[in-house]
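Novice:
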Amino acid sequence: MPLALVTGASKGFGRAIAEALAERGWTLIVDARTETDLADAVGGYPKDITAIPGDVTDPSHRRQLTAAIEQLGGRLDLLINNASTLGTSPLPQLADYPLDDLRQVYETNVIAPLALIQAVIEPLTAAGGSIVNVSSDAAVEAYPGWGGYGSSKAGLDQLTAVLAEEEPRLRCYAFDPGDMRTQMHQQAFPGEDISDRPEPFTVVPALLRLLDERPSSGRYRAAELTIPQEVSR
Ligand SMILES: NC(=O)c1ccc[n+]([C@@H]2O[C@H](COP(=O)([O-])OP(=O)(O)OC[C@H]3O[C@@H](n4cnc5c(N)ncnc54)[C@H](OP(=O)(O)O)[C@@H]3O)[C@@H](O)[C@H]2O)c1
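Just so we're aligned: 253 in the working numbering is position 221 of the sequence shown, and the numbers increase by one with no gaps anywhere.
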């Protein structure tokens, strides 16, 4: 069975991805910082998986993840860098952005994904595998207030693009899921009703299509991968 490592799999989009991959028979390694939430999520998965609580910014946690890959045979088919932070909420203007918060945003959204890629590049290359770095439209659109988070995702996009050139044996994707009704999205819009945003599971088919069809490395938006539903008459 193929092996995937999915970060931030206790909630939101990461949880929806992990559930879908488990249903398809993938073997999974997943993480998130809050042990109880991760245990709850894993309890709902249809298959045994390796759940390792920890923070992706912590090198010792990343070593635990790579040790788990070794224990499962030393071959990795898919890395999904999904764990992410929004940063300061409510979203500040750049002129007021607390720089220590911004460092933490870059540490989580840019440095940690690259560190994980570096840690698993050998088992991933051995499998001719794929990397999915979960991005955002804030990486390419200039939304006021989104400069901290958006610039981190822009950095992640550029890492993905360069990596694709450097690692032709891998598929390297930046995947923009679009708006989703999650805790992170609520943090971006504190106190607002976000019930009109789509649930994360509705975005999963677009990601599965990317994994199934394995187009060239690049940046993909969920909206362009969604298979149109037949209109009933
Ligand atoms: N929601 C949207 O509208 C939207 C739009 C565009 C892009 N995205 C992107 O989609 C991805 C998923 O976001 P989401 O909305 O599903 O977020 P979410 O509901 O807040 O879930 C984030 C998940 O990541 C975990 N996590 C956060 N920081 C972590 C860390 N340092 N180490 C390990 N795990 C960590 C969280 O658990 P713990 O807190 O317990 O660690 C949780 O499982 C992110 O990359 C986000 O930037 C989201």
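Backbone N, C-alpha and C fix where the C-beta goes; we use that ideal spot for every residue, glycine too.
Nothing here was measured: the structure is a model prediction, and the numbers come from that model.
Hey, would you say the C-beta of Thr98 is under 7 Å away from at least one heavy atom of ligand 1?
Specialist: Flag unset: Cβ of Thr98 not near ligand 1.
Novice: Quick one: Cα of Ser264 to Cα of Ile49, how far?
Specialist: Note that Ser264 scores 45 on pLDDT, short of 50, meaning its location in the model is unreliable; the coordinates nonetheless yield the value given after this. Their backbone Cα atoms lie some 28 Å apart in a straight line.
Novice: Report yes or no: do the region 243–255 and the region 189–201 share at least 3 C-beta pairs separated by less than 8 Å?
Specialist: Yes, since at least three Cβ pairs between the region 243–255 and the region 189–201 fall closer than 8 Å, the two stretches touch.
Novice: Write down the C-beta distance between Pro155 and Arg107 rounded to the nearest angstrom, noting that I regard them as a contact closer than 8 Å.
Specialist: That pair is a contact at about 5 Å.
Novice: Return helix, strand or coil for Asp3, following the three-state DSSP convention.
Specialist: The requested residue 3 does not occur in the structure, where the chain is confined to residues 33 to 265.
Novice: Looking at the structure shown, is Tyr129 part of a helix, part of a strand, or coil, going by DSSP?
Specialist: Correct three-state label for Tyr129: coil.
Novice: Determine which residues share a DSSP beta bridge with Arg253 and list them.
Specialist: Asp208.
Novice: From Pro209 to Pro85, what does the alpha carbon distance come to, in whole angstroms?
Specialist: About 24 Å.
Novice: Could you check the C-alpha separation between Trp58 and Ala83 for me, to the nearest Å?
Specialist: Going from the Cα of Trp58 to the Cα of Ala83 covers about 14 Å.
Novice: At a cut-off of 7 Å, would you count Ser249 as near ligand 1, judging by its Cβ distance to the nearest heavy atom?
Specialist: No, Cβ of Ser249 sits at least 7 Å from all heavy atoms of ligand 1.
Novice: Which runs of the beta strand (DSSP E) fall wholly inside the region 198–249 and span at least 3 residues, in chain order?
Specialist: Segments of the beta strand (DSSP E) lying fully in the region 198–249: 203–208.
Novice: What separation, rounded to the nearest whole angstrom, lies between the Cα atoms of Leu257 and Leu35?
Specialist: Computed Cα separation, rounded: 23 Å.
Novice: What do you get for Asp109, buried or exposed, if any count of 16 or more other CB atoms within 10 angstroms of its CB means buried?
Specialist: It is buried - the Cβ of Asp109 has at least 16 other Cβ atoms within 10 Å.
Novice: Which residue's Cα is closest to the Cα of Ala171: Gly180, Arg47 and Ala144?
Specialist: Nearest C-alpha to Ala171: Gly180.
Novice: Measuring only from the beta carbon, is Phe221 closer than 7 Å to any heavy atom that is part of ligand 1?
Specialist: Outside the cutoff, so no.
Novice: Going by the CB atoms, is the gap between Thr117 and Asp140 shorter than 8 Å?
Specialist: In the sequence under discussion, the amino acid at residue 140 is Thr, which differs from the Asp named in the question. Yes, the pair counts as a contact, with Cβ atoms nearer than the cut-off.
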